[in-house]
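These notes are about the structure you will find just below.
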Amino acid sequence: MGLADRLRKLREDWKRIISVSKKPDRSMFYLNLRVTLIVLLFVGLLAFLVQLAFSILLG
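Rendered as structure tokens:
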């Protein structure tokens, strides 16, 4: 299977994905946005607390 065949198959796969997918409605979009931001804040807070604990322990 050559490079041209792989690229052709990749293009066909992308077309199939685009044809099946649908745009989320406003409420689903905002739900996803809220969940993403909450997880991002949680991970950031957790990283800050770990860094703070190590800086206190190691002085």
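Quick note: to get my numbering, add 38 to the position in the sequence shown (first position is 1). The beta carbon of each residue, even a glycine, is placed where N, CA and C say it ideally should be.
Delimiting residues of the alpha helix (DSSP H) encompassing residue i
| i | result |
| --- | --- |
| K32 | Past the edges of the chain, shown from 39 to 97, lies residue 32, and the structure says nothing about it. |
Spatial distance of residue i from residue j (CA atoms)
| i | j | result |
| --- | --- | --- |
| L96 | I76 | 30 Å |
| L79 | L71 | 12 Å |
| R54 | L84 | 40 Å |
| M39 | V58 | 27 Å |
| T74 | V88 | 21 Å |
| S65 | G82 | 26 Å |
| E50 | L41 | 14 Å |
Residue i, DSSP secondary structure in three states
| i | result |
| --- | --- |
| G82 | helix |
| M39 | coil |
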